[in-house]
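First residue of the sequence shown: 322, per the UniProt record's numbering; consecutive thereafter. First up is the structure itself, then whatever we jot down about it.
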Amino acid sequence: NAGTSTRTVAAIRRTTDLYAKGGAVRIHGISKSFGALKVLDNIELSLPAGSVTAIIGPSGSGKSTLLRSINHLERVDGGFISVDGELVGYTQKGEVLYELKEKDILKRRTDIGMVFQSFNLFPHLTVLENLIEAPTQVRGASKEDAIAFAQELLARVGLSDKADAYPRQLSGGQQQRVAIARALALRPKVLLFDEPTSALDPELVGEVLDVIKELARTGTTLVIVTHEIGFAREVADTVVFMEGGHVIETGAPAQILNDPRHPRTRAFLAKVL
Ligand code: ADP
Ligand code: MG
């Protein structure tokens, strides 16, 4: 009921810096199960505005579910998440104490871009049309403004000459660069990448990582699930190692990747490095 919600939110507000603005992400004690399988177990993370976080860990450790939770594609069973100072929900022991309305969640989601392994471009639209679709439909931008910004973004990802091409006419690396430009077209405060280079031929990985590296300098908060350890070392402020639904270890790249404290982190890195 409304009284409980208001008190709950006020209490959270007093006891945490949850409401940090400018694209900060706060994750407090979140848990998520699918049936009997606990996929996220009491995850605690604080990502400052403008930070670049790399999440590494074995397959099935909960990395995608964590990203999906940040983007409100999953409702967590416990804990809370806030993005850019906006609390989305608060659940305790499965009881929802506070929750944004569905339409407000949709609105929030436009502040959070997501780039998937499989590009997910609209196949029947040209590159330019892919980029102006959401700004004009969701944000109510004028077509003129949306096109101008789309052209700027295509220049940034090195694809100015592909505006009129269809996705199928592009290489995987080019499609992924378009997908990144499309996510940027909504001017997100937070951009989530879920293994953005895993579906690419090895020779196309570099061009996508270069675009993300460039973004890392622009002040957008980035969260990148990746198996590219060298890339994580180079661009991330913080590396998070997950296994079995737990954050095992988190710290600066040099510390986590060169001198991990936890034996599980060491075992994982020994396999992938
Ligand atoms: P990762 O991205 O680290 O590989 P995921 O977050 O995709 O891990 O998945 C974590 C675990 O949760 C896996 O065991 C996966 O099979 C399971 N899982 C993910 N999504 C669902 C779902 N919608 N229903 C049931 N199980 C799921
Ligand atoms: Mg995954």
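We treat Cβ as the ideally placed atom computed from N, Cα and C, and that holds for glycine.
Query                                                                                                                                                                                    : Result
Considering only residues of the segment 423-484, which uninterrupted alpha helix (DSSP H) runs meet the minimum length of 4 residues and lie entirely inside it, listed in chain order? : 423-430, 448-458, 464-477
Using the three-state DSSP reduction, which class does residue 555 fall into: helix, strand or coil?                                                                                     : helix
Could you please give me the residues that DSSP links to residue 396 through a beta bridge?                                                                                              : Paired residue(s): none; residue 396 is not in a bridge.
Return yes when the C-beta of residue 457 is under 7 Å from any heavy atom of ligand 1, and no when it is not.                                                                           : no
Within the same chain, show all residues whose beta-carbon is closer than 8 Å to that of residue 496, passing over the 5 residues directly before and after it, in chain order.          : 440, 442, 488
Can you tell me which residues form a DSSP beta bridge with residue 413?                                                                                                                 : 416
Return yes when the Cβ of residue 425 is within less than 8 Å of the Cβ of residue 412, no when it is not.                                                                               : no
Roughly how many angstroms lie between the CA atoms of residue 361 and residue 403, to the nearest whole one?                                                                            : 17 Å
Check the C-beta distance from residue 514 over to residue 436 and give it rounded, since I have them as a contact under 8 Å.                                                            : 5 Å
Between which residues of its own chain and residue 417 is the CB-CB distance below 7 Å, once the five residues before and five after are set aside?                                     : 410
Do residue 544 and residue 431 count as a contact pair if the criterion is CB distance below 8 Å?                                                                                        : no
With distances taken Cα to Cα, identify the nearest neighbour of residue 588 among 377, 352, 356.                                                                                        : 377
Does the segment 526-542 touch the segment 348-362, meaning 3 or more C-beta pairs lie closer than 8 Å?                                                                                  : no
Just to be sure I understand the criterion: a residue counts if its Cβ is closer than 5 Å to at least one heavy atom of ligand 1. Which residues meet that?                              : 355, 360, 380, 381, 382, 383, 384, 385, 386
Please identify the residue among 573, 561, 575 whose C-alpha is closest to the C-alpha of residue 291.                                                                                  : Not covered by the structure: residue 291. The range shown for the chain is 322 to 594.
Ligand 2 heavy atoms versus the CB of residue 516: any closer than 7 Å?                                                                                                                  : yes
What does the alpha-carbon distance come out to for the pair residue 591 and residue 457?                                                                                                : 47 Å
Under 8 Å, with one C-beta from each stretch per pair, do the segment 447-455 and the segment 499-516 reach the 3-pair mark?                                                             : yes
Please tell me whether residue 550 and residue 525 are closer than 8 Å, where the distance is taken between their beta carbons.                                                          : no
DSSP three-state label for residue 280, please.                                                                                                                                          : Missing from the structure shown is residue 280; the chain here goes from 322 to 594 and no further.
Under DSSP, the beta strand (DSSP E) around residue 389 begins and ends at which residues?                                                                                               : Element bounds for residue 389: not the beta strand (DSSP E) but the alpha helix (DSSP H), 384-391.
In this structure, what does DSSP give as the bridge partners for residue 347?                                                                                                           : 367, 403
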